[in-house]
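Below is one structure, written out as structure tokens; comments come after it.
In my numbering, the protein residues as written are 10 to 307.
The following block contains the structure:
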């Protein structure tokens with residue numbers, strides 16, 4: 010690797026970053042130039058590997074303006090052996106103050122797609138060689154207008170009485186079913202979406218819904234129709250039997266406000282939740298595999 014040059018990008022070199030063809034064009038990703046314009050990407054947080062003057066590796070750490078956390082590795086593409094990618098990451102980690110989180114965005118069902126595996130094996134192995142450890146996988150799903158299941162009539166749905174009721178219900182949920190944007194909430198706002206969703210979503214709760222069975226609240230759905238896109242941000246249950254109808258009701262509320270697409274994130278190991286999302290009409294958009302330093306329990 011004597012002809013290998015690894016260095017940060019220099020301002021004005023955006024075209025160099027983009028000189029590598031996008032290896033996964035089917036993913037929805039922010040264009041690098043747009044990220045630079047918005048302030049999330051910065052040249053000093055972007056590293057490249059050049060072999061004989063040709064770009065063979067690129068890594069861009071993202072930190073939106075006014076974020077309270079550390080940059081995370083958002084784009085990492087490799088057209089070389091994993092050892093080159095590992096060397097790139099090690100050099101960047103040293104300059105950036107140590108390794109941090111890497112959110113590897115992958116197309117839906119990537120493990121069953123040989124053409125995708127051929128692209129992602131090298132950067133994922135490079136991350137491991139650089140000392141990062143795989144910590145889990147989150148799936149992003151999308152509803153785009155599929156007819157919703159009819160209600161059985163067992164549950165009633167209403168808006169929360171007040172913020173205090175939301176906080177009380179959240180405190181009683183051990184593990185929410187759906188947390189959409191939990192990584193961004195933590196890194197950008199320093200907020201744990203699972204325990205304090207209002208701190209991230211705000212206190213406009215008109216489109217939130219409480220599921221009620223015989224007068225007793227058994228579930229809570231927190232939606233956000235005015236975020237970057239309509240999303241089911243939070244779904245927490247005290248009675249798992251309420252999941253199908255509360256999920257459908259939350260989507261129905263957003264659709265009534267004009268949403269043509271609704272986004273929801275779920276941990277890949279939550280098989281029952283994922284199955285219910287799919288029965289409601291959601292389809293997987295992408296996966297996000299989390300890599301972290303060994304001492305980080307992300």
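Backbone N, C-alpha and C define an ideal beta-carbon position, used for all residues, glycine too.
Proximal residues to residue i (C-beta, below 7 angstroms), its chain only, five neighbours per side dropped
{"i": "residue 231", "result": "206, 210, 217, 242 and 243"}
{"i": "residue 28", "result": "64"}
{"i": "residue 285", "result": "252, 253 and 256"}
{"i": "residue 154", "result": "269"}
Alpha carbon of residue i to alpha carbon of residue j, nearest angstrom
{"i": "residue 53", "j": "residue 109", "result": "16 angstroms"}
{"i": "residue 106", "j": "residue 66", "result": "20 angstroms"}
{"i": "residue 30", "j": "residue 19", "result": "20 angstroms"}
{"i": "residue 93", "j": "residue 115", "result": "21 angstroms"}
{"i": "residue 99", "j": "residue 139", "result": "6 angstroms"}
{"i": "residue 36", "j": "residue 124", "result": "14 angstroms"}
{"i": "residue 113", "j": "residue 46", "result": "22 angstroms"}
{"i": "residue 237", "j": "residue 22", "result": "28 angstroms"}
{"i": "residue 84", "j": "residue 40", "result": "10 angstroms"}
{"i": "residue 277", "j": "residue 12", "result": "41 angstroms"}
{"i": "residue 9", "j": "residue 178", "result": "Examination of residue 9 is not possible in this model, given that the chain is present from 10 through 307 alone."}
{"i": "residue 305", "j": "residue 111", "result": "12 angstroms"}
Assigned secondary structure, residue i (DSSP; H/G/I helix, E/B strand, else coil)
{"i": "residue 94", "result": "helix"}
{"i": "residue 143", "result": "strand"}
{"i": "residue 183", "result": "coil"}
{"i": "residue 282", "result": "helix"}
{"i": "residue 43", "result": "helix"}
{"i": "residue 4", "result": "No statement about residue 4 is possible, as the shown extent of the chain runs from 10 to 307 and does not include it."}
{"i": "residue 162", "result": "coil"}
{"i": "residue 298", "result": "strand"}
{"i": "residue 226", "result": "strand"}
{"i": "residue 204", "result": "coil"}
{"i": "residue 263", "result": "helix"}
{"i": "residue 198", "result": "helix"}
{"i": "residue 76", "result": "coil"}
{"i": "residue 53", "result": "strand"}
Chain-order list of residues whose beta-carbon lies under 6 angstroms from that of residue i (same chain, five-residue window excluded)
{"i": "residue 254", "result": "160 and 164"}
{"i": "residue 303", "result": "142"}
{"i": "residue 275", "result": "148, 187, 282 and 283"}
Short Cβ contact (8 angstroms threshold) for residue i with residue j
{"i": "residue 247", "j": "residue 181", "result": "yes"}
{"i": "residue 89", "j": "residue 130", "result": "no"}
{"i": "residue 175", "j": "residue 229", "result": "yes"}
{"i": "residue 183", "j": "residue 77", "result": "no"}
{"i": "residue 17", "j": "residue 48", "result": "no"}
{"i": "residue 257", "j": "residue 157", "result": "yes"}
{"i": "residue 208", "j": "residue 200", "result": "yes"}
{"i": "residue 152", "j": "residue 291", "result": "yes"}
Residues near residue i in its chain [Cβ-Cβ closer than 8 angstroms; skip 5 each side]
{"i": "residue 221", "result": "164, 165, 166, 167 and 227"}
Residue i Cβ short of 7 angstroms to the ligand NAD heavy atom set
{"i": "residue 252", "result": "This structure lacks the ligand NAD; in fact it carries no ligand of any kind."}
* Are at least three pairs of beta-carbons, each pair with one atom in the region 264-273 and one in the region 296-304, less than 8 angstroms apart? -> Contact fails: fewer than three Cβ-Cβ distances are below 8 angstroms.
* Would you say the region 116-135 touches the region 168-175, given that touching needs at least three Cβ pairs under 8 angstroms? -> No: the two stretches stay apart, fewer than three of their Cβ pairs being nearer than 8 angstroms.
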